[in-house]
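Protein chains in written order, with this note's numbering: chain A, 4 to 449; chain B, 1102 to 1236; chain C, 71 to 375.
In this text, a Cβ means the ideal position worked out from N, Cα and C, and glycines have one as well.
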Amino acid sequence: MAKITINPVTRIEGHARITIHLDEAGDVRETRLHLTTLRGFETFVRGRAAEELPRIVTRICGICPWLHHLASAKAVDRCFGARPPAAAQALRELCLHLAHISDKILHFFFLAGPDLLPDTDPRARNLAGLARQNPELAEEVVRMRVQAQKMLELIGGRAIHPVAAVAGGFSRPLAEDERRQLARQAGQLLDFALRAMAHAKTEIFPLHRGPAAEAGAIRTGFLGMVDGEGNLQLYEGGLRLMQEDGTVTDFPAHRYDSFLAEHAEPWSHGKMVYARCWQQGFSMDPDRPAGIYRVNTLARLNVADRIATPRAQEELEEFRSLSGRPAQSTLLFHHARLIELIHACERSVELLAGNDITDQCIRTRARPGAGRGIGVVEAPRGTLIHDYTTDEKGCITRANLIVGTTHNIAPMNMSIRKAASGLIRGGRYDREMLNRVEMAVRAYDP
Amino acid sequence: MPHQSTILAFCCTWCAYPAADLAGTARMDYPAELRIIRVMCSGMVHPDLVLTALEKGAAGVMVLGCRPGGCHYRDGNTITLARMEMVEELMEDFGFDRRRLFVGWCSAAEPDRFADMVRRMSARLERLQGAGEEN
Amino acid sequence: MAFRIAAQWLHSCAGCEMAILDTGSRLLSLLDGIELVHMPLLVDNKYHAPDRPPEEADIPPADLGLVSGGVANREQLELLQAMRRRCSFLVGLGTCASHGGIPAMINSWPLAEGLAATYENIESGTPPAAGSIPAPLDRVYAVDEKVNIDLLLPGCPPDPEQIHQVLTTLAAGTRPPARTGSVCDRCPTRRHSMADRPQVRRFVEAAAFDPDRPVAAMPCLLEQGLLCMGPVTAGGCEHHGAPACIGARAPCRGCYGPVAGQGNQMVAMMNILASHGLDFRSVVDRRAMLRFAGAHGLLRPVKPK
Ligand code: SF4
Ligand code: SF4
Ligand code: SF4
Ligand code: FES
Chain A
4 MAKITINPVT
14 RIEGHARITI
24 HLDEAGDVRE
34 TRLHLTTLRG
44 FETFVRGRAA
54 EELPRIVTRI
64 CGICPWLHHL
74 ASAKAVDRCF
84 GARPPAAAQA
94 LRELCLHLAH
104 ISDKILHFFF
114 LAGPDLLPDT
124 DPRARNLAGL
134 ARQNPELAEE
144 VVRMRVQAQK
154 MLELIGGRAI
164 HPVAAVAGGF
174 SRPLAEDERR
184 QLARQAGQLL
194 DFALRAMAHA
204 KTEIFPLHRG
214 PAAEAGAIRT
224 GFLGMVDGEG
234 NLQLYEGGLR
244 LMQEDGTVTD
254 FPAHRYDSFL
264 AEHAEPWSHG
274 KMVYARCWQQ
284 GFSMDPDRPA
294 GIYRVNTLAR
304 LNVADRIATP
314 RAQEELEEFR
324 SLSGRPAQST
334 LLFHHARLIE
344 LIHACERSVE
354 LLAGNDITDQ
364 CIRTRARPGA
374 GRGIGVVEAP
384 RGTLIHDYTT
394 DEKGCITRAN
404 LIVGTTHNIA
414 PMNMSIRKAA
424 SGLIRGGRYD
434 REMLNRVEMA
444 VRAYDP
Chain B
1102 MPHQSTILAF
1112 CCTWCAYPAA
1122 DLAGTARMDY
1132 PAELRIIRVM
1142 CSGMVHPDLV
1152 LTALEKGAAG
1162 VMVLGCRPGG
1172 CHYRDGNTIT
1182 LARMEMVEEL
1192 MEDFGFDRRR
1202 LFVGWCSAAE
1212 PDRFADMVRR
1222 MSARLERLQG
1232 AGEEN
Chain C
71 MAFRIAAQWL
81 HSCAGCEMAI
91 LDTGSRLLSL
101 LDGIELVHMP
111 LLVDNKYHAP
121 DRPPEEADIP
131 PADLGLVSGG
141 VANREQLELL
151 QAMRRRCSFL
161 VGLGTCASHG
171 GIPAMINSWP
181 LAEGLAATYE
191 NIESGTPPAA
201 GSIPAPLDRV
211 YAVDEKVNID
221 LLLPGCPPDP
231 EQIHQVLTTL
241 AAGTRPPART
251 GSVCDRCPTR
261 RHSMADRPQV
271 RRFVEAAAFD
281 PDRPVAAMPC
291 LLEQGLLCMG
301 PVTAGGCEHH
311 GAPACIGARA
321 PCRGCYGPVA
331 GQGNQMVAMM
341 NILASHGLDF
351 RSVVDRRAML
361 RFAGAHGLLR
371 PVKPK
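Structure below.
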């Protein structure tokens, strides 16, 4: 029995390898996405003073450290019974949206984008190749991404591995001149996002629809955050699970463990999460999945009834008229990503419009003590859950971390399986086919 | 394993070192495993030195200075005391028994006190090693 | 021929790679003059042909290699060794590479225990087993514990400015200037005396500062009784005129690693507290002072008494 290995999966944000096992006839018998590193954060945060965690867990991921930082700060607040003042909440939420912006630009243009270049020479399928083919676009995406990073740096001192969200609030207030500068820059990001969408709607998304895209399609449920009115939320809200047929279950984020459960496979370091409340158990069989749902952009847009910012809402309506709800095709994650990019820009503009965000009261005193705190945010990669328990000194005794990618590991395995079985027949394959298998992973932005 | 029984002593130049000198010229009896490093003041002994000595295989480390109030740099030995109390605690983080550090004082005219401290430390380490072998 | 760069991440978080991207528009001009022959984040170079059993990782020869992350398993070790063989000049990028970084905190636990907590909540399936995942090493190592490294560039992540400077000077065939000094050396805060602070305070309330005045008007955080690791941490993180965290009015946690190559930040910091008469027992969790630099054997499981 032959085995094909793709190692490493490239242009994704972590370490992974794919193995494709063929049967006697050379058809796909099984596929596996192996996540090959385990760093043991859940172990080594034990004994740490809880207020230090927002500055430790950032190192789970250098691409979206802000999301870990914020989920952690929320969890610590709850362990210590602290309620951050309004301006601190606004600053945190602003940082969350800016982090989404830089991440979405990175993913859409730097990582997934090169797959859409007409040139199929793998050596040119990257940022440098993009820069040669379309220098203005490359220059602009690089500049816009860094602009969002610089904005984060101005607010919180550091863009990568931030420190500004602290137990009880934020470490420093925003000055009025800074607010004005940021508001102007957020406006520029919004303009860019709208132009990027217009460009993608004519040049890119048509390629994501139609029979070729359906080849790798799987059907699953979805999970994402919404507020009380069913609006898309990224920073604070309840969770909503949607089944394949569109029926939804809403539950408070801190009760995640009554609705979700974790599964492990011996060949991967990634834990997998499934919907406990559907009472189907867990199966990754692409034809008969059980307990499987997806997270990340497409999932959030599927579960949300609407988006509270106008331009993104317009785009959502158009998207739904084309793709239905829930939309299932994996490549649609890319389209959904740009809709969320517009939303994140609009929300940043909103937050920077008023004077509330420059209020100097940004921190309340947190009292270290025994408690449990669950902090949940929507990271670019999906619902991110930090669940801490502290002892009477306020030190961590137990931590459970469910990172965005975790929810999508099982569906990614299914997508890979689908894509591979559709492409590889009779033991014949080429580089291009293998890249298409990788593209099934890249859509999820792991 | 010859250095297993090495005791390293940091002796200040004004009291502990002259006391060691006198003990030598007076042919006093004290354990031969002692190795002396002369420092200007016991207050100069950085915790890193103590931990490195243990790391490199010293059985024990002694930090010896002037009697309280007698430090030639006024409060060098007060700092030594605060510091070494802290080092004792850190030793456990690195897996060393805290009894492998000895902090003590003597004046330049007390060779007998010096020799006695070394004997006590040597006996302590012997007991520790004995206890270790039983386990 | 263009200057060839290969970059490989090991036991890392991708933050160092993000810092490379944060060099911004200069990134594109840099990419213009060089050839990026290997970098899993951006470039599709694979270690192996799909159908060959894995032997030596196929990393193309390069003039400059960048490795980020420490070394925690066999696969990472083999990749590091392959990088060493294929790159004429090898840079350890980031504090994980130079000192183990945050992931080396696991070195305080015995290997088997260390990873168990991750799977504590599993209700279905089987946790990973040896054989189908790379075998873990006994602990997390810094890269210079395993191969010769030509230049270490700590920082978690290193400041994009520094990365840019290092890449351009190396591409031009010269060596970047050595860095010296501590975070405090480059900190503008007002310093007066440590005298009246018997206790170390936890960072659960705001530091004292006037929000309308620049950071230079703020009293030193350590003197405010907050545990600021500035004195024992290598400098280099400053922008807008202050070390990055101090600018955010938050104490330094030591992410650039020790001031001198192999120093021990915990011992050095505890020494400062004890020598200044602060109650060192008021530090809640002193092992966390080694959170960035636990490799080189500095963090290890505490033996039961
Ligand atoms: S040094 Fe910091 S930024 Fe770089 S890989 Fe390690 S944790 Fe990530
Ligand atoms: S201790 Fe901290 S605040 Fe004080 S000078 Fe050093 S870096 Fe600045
Ligand atoms: S102040 Fe300290 S923790 Fe903050 S970036 Fe600088 S070295 Fe790192
Ligand atoms: S000079 Fe002897 S202890 Fe200071």
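Cβ-heavy atom distance, residue i to ligand 1, below 7 Å
i, result
"C:Gly171", "yes"
"C:Pro328", "no"
"A:Pro57", "no"
"A:Arg62", "yes"
"C:Cys46", "Not covered by the structure: residue 46 of chain C. The range shown for chain C is 71 to 375."
"A:Thr333", "no"
"A:His164", "yes"
"A:Ser75", "no"
Distance cut-off 7 Å: residue i Cβ against heavy atoms of ligand 4
i, result
"B:Cys1116", "yes"
"B:Asn1178", "yes"
"B:Trp1147", "Checking the sequence shown, residue 1147 of chain B turns out to be His, not Trp. Checking the Cβ of B:His1147 against ligand 4 gives no."
Sequence-distant residues of the same chain with beta carbon closer than 6 Å to residue i, five excluded per side
i, result
"C:Asp292", "The sequence shown places Leu at residue 292 of chain C, not Asp. Cβ neighbours of C:Leu292 beyond the five flanking positions: Cys298."
"A:Arg366", "Gly171 and Gly172"
"C:Lys375", "A caution first: C:Lys375 carries a pLDDT of 41, below 50, which makes its placement in the model unreliable, though a value can still be read off. Around C:Lys375: no qualifying Cβ."
"B:Leu1109", "Arg1136, Ala1154, Ala1159 and Val1162"
"A:Met417", "Ile221, Met287 and Pro289"
"A:Ile452", "Outside the shown range of chain A (4 to 449) lies residue 452 of chain A, about which nothing can therefore be said."
Residue i in three-state terms, based on DSSP
i, result
"A:Ile59", "coil"
"A:Gly241", "strand"
"A:Lys6", "strand"
"A:Arg314", "helix"
"A:Tyr373", "Note that residue 373 of chain A is Ala in the sequence shown here, rather than Tyr. Here A:Ala373 sits in coil by DSSP."
"A:Arg175", "coil"
"C:Gln235", "helix"
"B:Cys1167", "coil"
"B:Arg1228", "helix"
"B:Cys1112", "strand"
"B:Cys1207", "coil"
"B:Met1192", "helix"
"B:Pro1103", "At B:Pro1103 the pLDDT is 41, less than 50, meaning the model places this residue with poor confidence and gives no usable figure here."
"B:Tyr1118", "helix"
Beta-carbon spacing of residue i, residue j below 8 Å
i, j, result
"C:Ala212", "C:His366", "yes"
"B:Gly1142", "B:Cys1207", "According to the sequence shown, residue 1142 of chain B is Cys rather than Gly. Cβ distance not < 8 Å, so B:Cys1142 and B:Cys1207 don't count as in contact."
"A:Leu387", "A:His110", "no"
"A:Val306", "A:Phe225", "yes"
"A:Glu349", "A:Arg314", "yes"
"A:Leu237", "A:Val229", "no"
"C:Leu207", "C:Ala142", "yes"
"A:Ile23", "A:Ala423", "yes"
"B:Leu1152", "C:Val337", "yes"
"A:Leu41", "A:Tyr391", "no"
Residue i beta carbon near ligand 3 (any heavy atom closer than 7 Å)
i, result
"C:Arg323", "yes"
"A:Arg161", "yes"
"C:Val253", "yes"
"C:Ile316", "yes"
"C:Cys307", "yes"
Beta-carbon contacts of residue i that lie in its chain and below 7 Å, excluding the five residues immediately before and after
i, result
"A:Phe44", "Val60, Ile63 and Leu404"
"C:Val295", "The sequence given here has Gly at residue 295 of chain C, not Val. Same-chain partners within the cutoff: Arg267, Gln269, Val270 and Arg271."
Proximity test, residue i beta-carbon vs ligand 2 heavy atom, cut-off 7 Å
i, result
"C:Cys290", "yes"
Chain-order list of residues whose beta-carbon lies under 8 Å from that of residue i (same chain, five-residue window excluded)
i, result
"C:Val372", "Ser178"
Is the segment 86-95 of chain C touching the segment 1213-1229 of chain B, taking contact as three or more C-beta pairs under 8 Å? no
So, does the segment 182-191 of chain A touch the segment 316-325 of chain A, judging by three or more C-beta pairs under 8 Å? no
Mind the definition here: the segment 285-303 of chain A touches the segment 354-374 of chain A only if three or more C-beta pairs lie below 8 Å; say whether that holds. no
Check whether the segment 109-123 of chain C and the segment 89-109 of chain A are in contact - that is, three or more C-beta pairs closer than 8 Å. no
With contact counted as at least three CB pairs below 8 Å, one residue from each stretch, are the segment 253-269 of chain C and the segment 223-234 of chain C in contact? no
Tell me, please, whether the segment 139-154 of chain C touches the segment 186-196 of chain C by the rule of three or more beta-carbon pairs shorter than 8 Å. no
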